[in-house]
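Enquirer: Once you've had a glance at the structure underneath, I'll fire off some questions.
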């Protein structure tokens, strides 16, 4: 069931078991840009008062004001004034051109939305299932009590594929999944958006919607665990959300959060220290699942993980020789099997393979195609698999 069937597709109200109702930040870079321009124009009359009074004669113990004109600072002020006057027309032309470009991009985005948005994207949020899952016989309480599961999709994913993703996740882990729709602009458009996100720290609309949802879940005293799953470009969004959470949520609340990514396209994945020793981090559980021949993952997590100047925290599991980038087909089915069971790994799944610790990078594990005697299996290494079938690890 799409959230549209019961709720405003542009709101963030969800089913009762995802309470509290969460507000949505409707601001964006285009709106903020034009607000800044209007605000600057409105206050332009105050420009002369920035340097008023224009000069002073105050001198106290050889310390002078910035506009004291009776020493060598006078020449610096003259040079700065000439430089500002010369660059003014250049900056003005560039600024006006920027306004036109941003307005044009906004218009094209609106036309794109008008033509394709309703067909491809659907509601911003989806929840699966529409009914609460049954309580497994071995559990006394429902697995959703005190837990919130959130998923953000990757590139080239519309409402139908998002629905398929959260449906499979829900059935595998026997929990309701809140899917946040990372809307697609087409393959090339999504890649360009990834570059902007990675290089300039650009927060997309989906980032601005997901952040308050996860923050409020973490601050909800009735919630004791938040599981955040991200795929592909969703990994970039997740990395930005984590950066923002670290500055706005207490350490105690952050310790409720667990993050799991597949085919992660992020350039960094921060996890601040909580104090000595160096192994003590804010988030206790971060896992990245990567296929070796996945282009997006190679461009993202695999290129960043070994770099000393790029923080990329969490255990990384690399399936050697594995191809594909799609969540269901190439990650969930290959890693966990098409009929995953909580008791034992499926015979042909990656969970039944060895997971060999990298000799150089302690939290990187290779998953070779051939079994290695006496090496621990992925089944023993993976924390996410402990949630299969509605189970909950300590």
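Residue numbers (the numbering used here): 336 to 729.
Every residue, glycine too, gets a C-beta built ideally from N, C-alpha and C.
Note that the structure is a prediction, hence the values are computed from the model and not measured.
(1) Contact defined as beta carbons within less than 8 Å: I believe residue 505 pairs with residue 463. What is the distance between those atoms, to the nearest angstrom?
(2) What beta strand (DSSP E) runs, 3 residues minimum, are completely inside the region 673 to 707?
(3) In three-state terms, what does DSSP make of residue 655?
(4) Would you check if the distance between the CB atom of residue 535 and the CB atom of residue 490 is smaller than 9 Å?
(5) Just confirm the distance between the C-beta atoms of residue 656 and residue 704, as a whole number of angstroms; I'd bet it's less than 8 Å.
(6) Assuming contact is defined by CB atoms lying nearer than 9 Å, are residue 677 and residue 723 in contact in what I supplied?
(7) Name the one or two DSSP bridge partners that residue 593 has.
(8) Could you give the uninterrupted runs of the alpha helix (DSSP H) lying entirely in the region 367 to 446, keeping only those of 4 residues or more?
(9) List the residues that DSSP assigns as beta-bridge partners of residue 608.
(10) Suppose contacts are defined by Cβ-Cβ distances below 9 Å. Is residue 588 in contact with residue 554 by that definition?
(11) Taking just the CA atoms, how far does residue 376 sit from residue 609?
(12) Return the chain-ordered list of same chain residues with a C-beta closer than 7 Å to the C-beta of residue 343, the five sequence neighbours on each side being excluded.
(13) For the region 593 to 600 and the region 616 to 636, state whether three or more C-beta atom pairs, one from each stretch, are separated by less than 8 Å.
(14) From the DSSP output, read off the bridge partner residues of residue 486.
(15) Using only the alpha-carbon positions, how far apart do residue 580 and residue 517 sit?
(16) Measure the C-alpha to C-alpha separation of residue 694 and residue 648 and round it to an integer number of angstroms.
(17) Could you name the residues of the same chain whose beta carbon sits closer than 7 Å to that of residue 538, not counting the 5 residues immediately before and after it, in chain order?
(18) Does the Cβ of residue 661 have 16 or more other Cβ atoms within 10 Å, making it buried, or fewer, making it exposed?
(19) If you run the structure through DSSP and keep just helix, strand and coil, what is residue 671?
(20) Look at the alpha carbon of residue 612 and the alpha carbon of residue 507, and state the distance between them as a whole number of angstroms.
(21) Considering only their Cβ atoms, is the gap separating residue 631 from residue 654 smaller than 9 Å?
(22) What is the C-beta distance between residue 725 and residue 509, in whole angstroms, given that I count them as a contact (C-beta under 8 Å)?
(23) What does the Cβ neighbour count give for residue 559, buried or exposed, with the cut at 16 atoms within 10 Å?
(24) Under 9 Å between the Cβ atoms of residue 541 and residue 564?
(25) Where do the N-terminal and C-terminal ends of the alpha helix (DSSP H) with residue 520 fall, by residue?
(26) Where residue 682 and residue 688 are concerned, what is the direct C-alpha to C-alpha distance, given to the nearest angstrom?
(27) According to DSSP, is residue 647 helix, strand or coil?
(28) What does the Cβ neighbour count give for residue 528, buried or exposed, with the cut at 16 atoms within 10 Å?
(29) For residue 674, count neighbouring C-beta atoms within 10 Å of its own C-beta (all shown protein chains included) and say buried if the count is 16 or more, exposed if not.
(30) Could you check the C-alpha separation between residue 623 and residue 651 for me, to the nearest Å?
(31) Assuming residue 390 and residue 410 are in contact, meaning their beta carbons sit under 8 Å apart, how far apart are those beta carbons, in whole angstroms?
(32) Short check: CB of residue 561 to CB of residue 482, under 9 Å?
(33) Can you tell me whether residue 726 is helix, strand or coil according to DSSP?
(34) Less than 8 Å between C-beta atoms, sequence neighbours within five positions excluded: which residues of the same chain meet that for residue 629?
(35) When DSSP labels each residue in this structure, what does residue 626 get in the three-state scheme?
(36) If you follow the alpha helix (DSSP H) that residue 547 is part of, which residue opens it and which one closes it?
Expert: The answer reads as follows:
(1) If you number the chain shown from 1, residue 505 lands on position 170. If you number the chain shown from 1, residue 463 lands on position 128. Right, the Cβ-Cβ distance comes to about 5 Å (below 8 Å), so this counts as a contact.
(2) 699 to 702
(3) Indexing the chain shown from 1 puts residue 655 at position 320. Assigned with DSSP and collapsed to three states, residue 655 falls in coil, not helix or strand.
(4) Taking the chain shown and counting its residues from 1, the one referred to as residue 535 is at position 200. Taking the chain shown and counting its residues from 1, the one referred to as residue 490 is at position 155. No, the pair does not count as a contact, with Cβ atoms beyond the cut-off.
(5) Indexing the chain shown from 1 puts residue 656 at position 321. Indexing the chain shown from 1 puts residue 704 at position 369. Right, the Cβ-Cβ distance comes to about 5 Å (below 8 Å), so this counts as a contact.
(6) Here residue 677 is taken as the residue at index 342 of the chain shown, counted from 1. Here residue 723 is taken as the residue at index 388 of the chain shown, counted from 1. Yes, Cβ-Cβ distance for residue 677 and residue 723 is below 9 Å.
(7) Reading the chain shown from its first residue, position 258 is the one you call residue 593. Paired residue(s): 562 and 620.
(8) none
(9) Counting from 1 along the chain shown, the entry for residue 608 is found at position 273. Per DSSP, 616.
(10) Numbered from its first residue, the chain shown carries residue 588 at position 253. Numbered from its first residue, the chain shown carries residue 554 at position 219. In contact: residue 588 and residue 554 (Cβ atoms closer than 9 Å).
(11) For this step, residue 609 is matched to residue 274 along the chain shown. For this step, residue 376 is matched to residue 41 along the chain shown. So the two alpha carbons sit approximately 45 Å from each other.
(12) Residue mapping note: residue 343 aligns to position 8 of the chain shown, counting from 1. Unreliable positioning characterises residue 343 in this predicted model, as indicated by a pLDDT of 36, which lies under 50. A coordinate reading is not provided.
(13) In short, these stretches touch, since the Cβ pair count reaches three.
(14) Counting from 1 along the chain shown, the entry for residue 486 is found at position 151. Paired residue(s): 514 and 564.
(15) Position 245 of the chain shown, counted from the start, is the residue given in the question as residue 580. Position 182 of the chain shown, counted from the start, is the residue given in the question as residue 517. The alpha-carbon atoms of residue 580 and residue 517 are separated by roughly 19 Å.
(16) Within the chain shown, residue 694 is the residue found at index 359, counting from 1. Within the chain shown, residue 648 is the residue found at index 313, counting from 1. Their Cα atoms are separated by approximately 17 Å.
(17) On the chain shown, position 203 is the one that residue 538 refers to. Result list for residue 538: 575, in chain order.
(18) Within the chain shown, the letter at position 326 stands for residue 661. Answer is buried; the Cβ neighbour count reaches 16.
(19) In the chain shown, residue 671 corresponds to position 336, counting from 1. Note: residue 671 maps to helix in three-state DSSP.
(20) Here residue 612 corresponds to residue number 277 of the chain shown, with the count starting at 1. Here residue 507 corresponds to residue number 172 of the chain shown, with the count starting at 1. So the alpha carbons of these two residues sit roughly 36 Å apart.
(21) In the chain shown, residue 654 corresponds to position 319, counting from 1. In the chain shown, residue 631 corresponds to position 296, counting from 1. Not a contact, by the Cβ cut-off of 9 Å.
(22) The count along the chain shown starts at 1 and reaches residue 725 at position 390. The count along the chain shown starts at 1 and reaches residue 509 at position 174. The distance from the Cβ of residue 725 to that of residue 509 is about 3 Å, consistent with a contact at the 8 Å cut-off.
(23) Position 224 of the chain shown, counting from 1, holds the residue named residue 559. Its Cβ having fewer than 16 others within 10 Å, residue 559 is exposed.
(24) Walking along the chain shown from the start, residue 541 turns up at place 206. Walking along the chain shown from the start, residue 564 turns up at place 229. Taking 9 Å as the Cβ cut-off, residue 541 and residue 564 do not qualify as a contacting pair.
(25) Here the question's residue 520 lines up with position 185 in the chain shown. Segment: none, residue 520 is in no alpha helix (DSSP H) and carries neither H nor E.
(26) Residue mapping note: residue 682 aligns to position 347 of the chain shown, counting from 1. Residue mapping note: residue 688 aligns to position 353 of the chain shown, counting from 1. Looking at the backbone, the Cα of residue 682 and that of residue 688 are separated by about 9 Å.
(27) Numbered from 1 along the chain shown, position 312 holds the residue referred to as residue 647. Reduced to three states, the DSSP call for residue 647 is strand.
(28) Taking the chain shown and counting its residues from 1, one reaches residue 528 at position 193. Classification of residue 528: buried, given that the 10 Å Cβ count is 16 or more.
(29) Taking the first residue of the chain shown as position 1, residue 674 is located at position 339. Answer is exposed; the Cβ neighbour count stays below 16.
(30) Stepping through the chain shown from its first residue, residue 623 is reached at position 288. Stepping through the chain shown from its first residue, residue 651 is reached at position 316. Approximately 5 Å between the Cα atoms of the pair.
(31) Start at 1 with the first residue of the chain shown, and residue 390 comes out as number 55. Start at 1 with the first residue of the chain shown, and residue 410 comes out as number 75. In fact, because the Cβ distance is near 14 Å, the residues do not count as touching under 8 Å.
(32) Working through the chain shown from its first residue, we reach residue 561 at position 226. Working through the chain shown from its first residue, we reach residue 482 at position 147. Yes; because the gap between Cβ atoms is below 9 Å, this pair is in contact.
(33) Locating residue 726 in the chain shown gives position 391, counting from the first residue. Coil.
(34) To locate residue 629, count along the chain shown from 1; it is residue 294. If we look at residue 629 and ignore the five residues flanking it on each side, its Cβ neighbours are 598, 657, 658, 659, 660 and 665.
(35) Mapped onto the chain shown, residue 626 falls at position 291. It is a strand residue.
(36) Within the chain shown, residue 547 is the residue found at index 212, counting from 1. Looking at the DSSP string, the run of the alpha helix (DSSP H) that includes residue 547 is 540 to 554.
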